[in-house]
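The structure appears right after this line, and notes come after that.
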Amino acid sequence: MKFVRCIFWCVTIAAWLVLATLPDASAKEPGVIINEIMYHPPNEQEELQFVELFNRGEAEVDLSGWAFTKGIKFTFPASTRLARGGYVVVCRNRERFVAHYGTNVVVLGNFSGKLSHQGDRVELADAQHAPVDSVKYSDHTPWPGGADGHSSSLERISPGGRSDDAENWAASSPPATKTAGGTPGARNTVFSEIILPAVSEVAFTPMVPTPQQPVRITATVADVQSVKTVVLVWRRASTSPDSSEESVPMQRISGDEKRGVYEASIPAQSSATLVRFRIKAVNAGGASRLQPHENELRPNFSYFSFSGTNSALVPLSYVFTTGARERSAPRYGRTIRSDQVAARGNGAFIYVPAGGGALQVFDHVRVSPRHGGFKVHFWKDQPFK
1 MKFVRCIFWC VTIAAWLVLA TLPDASAKEP GVIINEIMYH PPNEQEELQF VELFNRGEAE
61 VDLSGWAFTK GIKFTFPAST RLARGGYVVV CRNRERFVAH YGTNVVVLGN FSGKLSHQGD
121 RVELADAQHA PVDSVKYSDH TPWPGGADGH SSSLERISPG GRSDDAENWA ASSPPATKTA
181 GGTPGARNTV FSEIILPAVS EVAFTPMVPT PQQPVRITAT VADVQSVKTV VLVWRRASTS
241 PDSSEESVPM QRISGDEKRG VYEASIPAQS SATLVRFRIK AVNAGGASRL QPHENELRPN
301 FSYFSFSGTN SALVPLSYVF TTGARERSAP RYGRTIRSDQ VAARGNGAFI YVPAGGGALQ
361 VFDHVRVSPR HGGFKVHFWK DQPFK
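So, in structure tokens, the structure goes:
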């Protein structure tokens with residue numbers, strides 16, 4: 001009898017432990033999420049910083065007494081309600097925000113504090129001080145660089161994706177000129193109902209091929225459900241119109257359908273050829289991701305086919321302008337207004353150091369003509385040393 005009782009209690013305790021580890025069926029993900037962050041407006045216009053909330057839930061939410069408790073400080077006033085599928089923006093300076101973005105946005109302000117350009121944690125709590133949602137963004141990889149002072153905001157891709165996953169955030173579509181962009185109060189430009197596959201660890205060998213060498217491209221692709229296809233998309237860039245894109249299916253060489261390593265090759269190119277490529281991954285739900293994202297400062301990976309080395313006493317350089325030529329650099333102290341400057345460069349600068357040093361590729365830099373040559377504007381995340 002004692003043995004039977006012992007078995008009963010052991011089974012009961014084991015069942016209780018299993019149940020204790022299961023997720024609470026009554027617990028629900030928050031309907032209100034942090035959906036867009038403008039943490040580094042261009043031209044140091046700090047007063048245009050904002051954070052946008054989106055109600056992805058099935059019902060209207062009363063935000064009275066809710067507050068941003070980290071990153072910025074702001075308490076929602078009484079009777080603040082957010083409709084199902086609605087947006088509300090909290091900004092640093094409401095007057096400046098309305099002057100720039102217009103009056104068709106539900107906007108509150110002003111929040112206190114300042115969003116850091118280097119990275120910060122933004123946390124939202126309800127009226128009972130319980131955490132609702134939080135995002136810890138950064139200006140370093142794998143977080144998007146286009147939102148770091150280059151006109152784009154930081155946009156959430158899928159409302160159902162994790163808030164703390166950098167793969168679920170992208171830079172908004174950049175405007176034509178260098179000015180604060182984003183989509184406050186409207187659907188994000190990068191919106192996807194389905195969580196996108198993740199592409200990481202992109203590598204190419206050799207990094208500086210000779211004209212006789214094809215280049216092997218590898219990438220790790222993962223998806224919460226399964227990866228359907230992975231394609232390598234590439235083209236030749238030049239001072240004349242770029243060649244049309246070519247697509248090469250990538251084959252899985254290790255892993256499984258949820259996470260694997262894929263590879264493909266780009267054929268050998270003639271010397272002094274700039275090649276741009278990207279990876280397109282599609283999951284079983286039909287959602288696709290381009291890596292790098294098309295809204296990034298450099299929307300592709302790049303390499304330069306080059307024969308020989310530079311044994312001269314002075315370095316060599318190649319300058320490409322692959323689109324409409326940018327305006328000349330200012331002369332005699334005159335300046336160009338920021339709204340006349342392109343948000344993203346279309347040129348490339350190839351540096352071949354003296355004495356046989358390693359060749360360096362600086363792609364999608366801004367190249368403007370000036371008397372006797374060119375002026376090259378490098379990005380801060382890839383400075384020319």
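Everything in the sequence shown is counted per the numbering used here, starting at 1 for the first residue and increasing by one. Cβ coordinates follow ideal geometry from the N, Cα and C atoms, glycine included.
Quick one: what's got a C-beta closer than 7 angstroms to P23's C-beta in the same chain, skipping five residues either side?
Reliability of the predicted coordinates at P23 is poor, the pLDDT of 38 falling under 50, and no value is obtained from them.
Let's see if you can read the secondary structure: which residues bound the alpha helix (DSSP H) around A98?
Reading off the sequence, residue 98 comes out as Val, not Ala. V98 -> alpha helix (DSSP H) spans 94-101.
Considering only DSSP beta bridges, list what K136 is partnered with.
DSSP output for K136 lists R121 as bridge partner(s).
Suppose you measure from the CA of F349 to the CA of F378; what does that come to, to the nearest Å?
Approximately 9 angstroms between the Cα atoms of the pair.
Is A67 helix, strand or coil by DSSP?
Three-state result, A67: strand.
Less than 7 angstroms between C-beta atoms, sequence neighbours within five positions excluded: which residues of the same chain meet that for P383?
Cβ within range, chain order: n/a, list empty.
Need the endpoints of the beta strand (DSSP E) that H377 sits in, please.
Segment 373-377, the beta strand (DSSP E) holding H377.
In chain order, what residues of the same chain have a beta carbon less than 8 angstroms from the beta carbon of G119, not counting five sequence neighbours either side?
Counting only Cβ-Cβ distances below 8 angstroms, and skipping sequence neighbours, we find K136, Y137, S138, D139, H140, W143.
Return helix, strand or coil for A166, following the three-state DSSP convention.
Of the three classes helix, strand and coil, the one that applies to A166 here is helix, per DSSP.
Assign D381 to one of three DSSP states: helix, strand, or coil.
Looking at D381 - three-state DSSP - the assignment turns out to be coil, as it is neither helix nor strand.
Touching or not, the region 182-192 and the region 82-92, by the rule of three or more beta carbon pairs under 8 angstroms?
With the cut-off at 8 angstroms, the region 182-192 and the region 82-92 touch.
From the DSSP secondary-structure annotation, give me the bridge partner or partners of K73.
BP columns for K73 point to S112.
Note down, in chain order, each residue of its chain lying with its Cβ closer than 6 angstroms to the Cβ of D62, except the 5 sequence neighbours on either side.
If we look at D62 and ignore the five residues flanking it on each side, its Cβ neighbours are R81.
Quick check: the Cα distance between Q360 and S192, rounded to an integer number of angstroms?
Taking the straight line from one Cα to the other gives about 36 angstroms.
By Cβ distance below 6 angstroms, which residues in the same chain neighbour V351 in space, the five residues on each side in sequence not counted?
What sits at residue 351 in the sequence shown is Tyr, not Val. Here the set comprises S317, Q360.
Just curious, the beta strand (DSSP E) that Y318 is in, first and last residue?
Note, Y318: beta strand (DSSP E), 316-321.
Which one or two residues does DSSP pair with P369 in a beta bridge?
In the DSSP output, where bridge partners are listed per residue, P369 has F374.
Can you give the Cα-Cα distance for D223 and V261, rounded to whole angstroms?
Looking at the two C-alpha atoms, the distance is approximately 12 angstroms.
Please report how far the alpha carbon of V51 lies from the alpha carbon of N300, in whole angstroms.
When rounded, the distance between both Cα atoms is 29 angstroms.
Less than 9 angstroms separating the beta-carbons of N35 and R162?
Contact flag unset, no.
How far does the beta strand (DSSP E) with E52 in it reach, from first residue to last?
Unbroken beta strand (DSSP E) run through E52: 50-55.
Run through the DSSP bridge pairs and tell me what V275 is partnered with.
Paired residue(s): R236, Y303.
How about R236 and V275: do their beta carbons lie closer than 9 angstroms?
The answer is yes: Cβ separation under 9 angstroms.
Quick check on L48: buried or exposed, where buried means 16 or more other Cβ atoms within 10 Å of its Cβ?
Per the 10 Å Cβ criterion, buried.
Going by beta carbon distance, what residues of the same chain come within less than 7 angstroms of G356, once the five residues before and after it are set aside?
Excluding residues within five positions, the ones whose Cβ falls inside 7 angstroms are T309, N310, S311.
Taking 9 angstroms as the cut-off, decide whether the C-beta atoms of L115 and V106 are in contact.
Their beta carbons are not under 9 angstroms apart, which means L115 does not touch V106 by this criterion.
In angstroms with no decimal places, state the Cα-to-Cα distance between P206 and R216.
Using only the alpha carbons, I get a separation of about 7 angstroms.
What are the boundary residues of the beta strand (DSSP E) that I34 is part of?
Here the beta strand (DSSP E) through I34 covers 32-38.
Taking the straight line between their C-alpha atoms, what separation do you get for H129 and F54?
One C-alpha to the other measures close to 19 angstroms.
Kindly provide the ranges of any beta strand (DSSP E) runs that are 3 or more residues long and lie completely inside the region 191-240, ordered along the chain.
Counting only runs of 3 or more, we get 198-205, 215-222, 227-237.
Taking all protein chains shown into account, decide if L196 is buried (16 or more other Cβ within 10 angstroms of its Cβ) or exposed.
Result: buried.
Apart from the five residues just before and just after A127, which ones in its own chain have a Cβ nearer than 7 angstroms to its Cβ?
Contacts found: S64, G65, W66.
To which residues of the same chain is K380 closer than 6 angstroms at the C-beta, ignoring the five residues directly before and after it?
Nothing listed; no residue qualifies.
Rounded to whole angstroms, what is the Cα-Cα separation between S368 and A354?
For S368 and A354, the distance between alpha carbons rounds to 25 angstroms.
For P42, does the three-state DSSP call read helix, strand or coil?
The answer is helix: DSSP assigns P42 an H, G or I state.
With DSSP as the reference, label E246 as helix, strand or coil.
Three-state DSSP puts E246 in a strand.
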